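FYI, the UniProt record's numbering numbers position 118 of the sequence shown as 118, with every residue one higher than the one before it.
Structure first, commentary second.
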Amino acid sequence: MQTIVLKLERDNDLKFALLIATGSYIGLRISDLLQLRWNQVLNQDYFTITEKKTKKTRKVTINPELQTILSRLFNQLQASENDLMFANRSGDKPFSIQYVNSKLKDIFARYNVRGQYSSHFMRKTLGRRIWEVNKYSDQALLLLSQLFNHSSVSTTKIYLGIREQEISNLYLSV
């Protein structure tokens with residue numbers, strides 16, 4: 001994720017560098033991510049959002065590394081604090097999810113990145129990173145289940161593709 005963000009910045013694709021970094025650090029669904037405005041996140045420790053899908057209110061803590069990226073890209077984009085972070089060309093509406101998925105497909109092809117290129121990859125990246133940092137613990141899965149508002153830990157495991165990985169590892173252990 002960090003490599004893609006840096007390459008996108010280098011190639012002046014700043015909005016998608018911003019989208020991938022933000023999505024991978026905060027793990028919102030794409031429908032919620034696309035609604036963010038700069039004043040919600042810039043120079044903030046956290047923000048509160050009511051998720052579209054679940055209608056639940058969620059407090060999102062902003063990682064200091066993400067805050068650095070946000071400040072840098074805010075300046076490079078010469079944005080205004082009231083602007084949508086992911087505005088379309090006209091500037092009054094956010095990117096469409098279809099546009100995001102199409103553009104991610106192009107980005108993954110351009111930089112030879114294997115894997116899923118849908119907008120879910122950012123949310124899954126956060127989940128996988130948290131699970132890894134917490135030494136693949138059941139406690140981390142429980143917390144991720146709550147973070148993602150999943151109905152159960154088994155849903156989170158399926159979402160992150162953990163069962164597939166565990167089965168694959170069985171074959172490798174023989």
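For every residue, glycine included, the Cβ atom is placed at its ideal position computed from N, Cα and C.
Since this is a predicted model, take the numbers as computed values, not measurements.
Distances from the alpha-carbon of Trp38 to those of Leu143, Ser137, Leu170, Pro94 put Pro94 closest.
Classified as buried, Gly23 has 16 or more neighbouring CB atoms from the shown chains inside 10 Å of its CB. Inclusion of Arg123 and Leu28 in the CB contact set at 9 angstroms is warranted, their separation being smaller than that value. Judged by their CB atoms, Ile97 and Ser31 are nearer to each other than the 9 angstroms cut-off.
Following the DSSP letters along the chain, one finds Phe108 inside the alpha helix (DSSP H) bounded by residues 97 to 110. Per the Cβ contact rule, the stretch 124 to 143 is not in contact with the stretch 67 to 74 (fewer than 3 Cβ pairs under 8 angstroms). Under the DSSP assignment, Tyr171 falls outside any beta strand (DSSP E), being part of the alpha helix (DSSP H) whose first and last residues are 162 to 172. DSSP, read as helix, strand or coil, puts Lys157 in helix.
Inclusion of Leu66 and Ala21 in the CB contact set at 9 angstroms is warranted, their separation being smaller than that value.
For Leu126, the secondary structure class from DSSP, reduced to helix, strand or coil, is helix. In this chain, the beta strand (DSSP E) harbouring Ile49 covers 46 to 50.
With a 10 Å radius around the Cβ and a threshold of 16 neighbouring Cβ atoms, Tyr25 comes out buried.
Here the C-alpha atom of Ile162 lies approximately 18 angstroms from the C-alpha atom of Tyr117. CA-to-CA, the gap between Gln146 and Arg114 works out to about 28 angstroms. Per DSSP, the unbroken beta strand (DSSP E) holding Thr57 starts and ends at 57 to 61. A direct Cα-Cα distance of roughly 11 angstroms separates Val5 from Tyr111.
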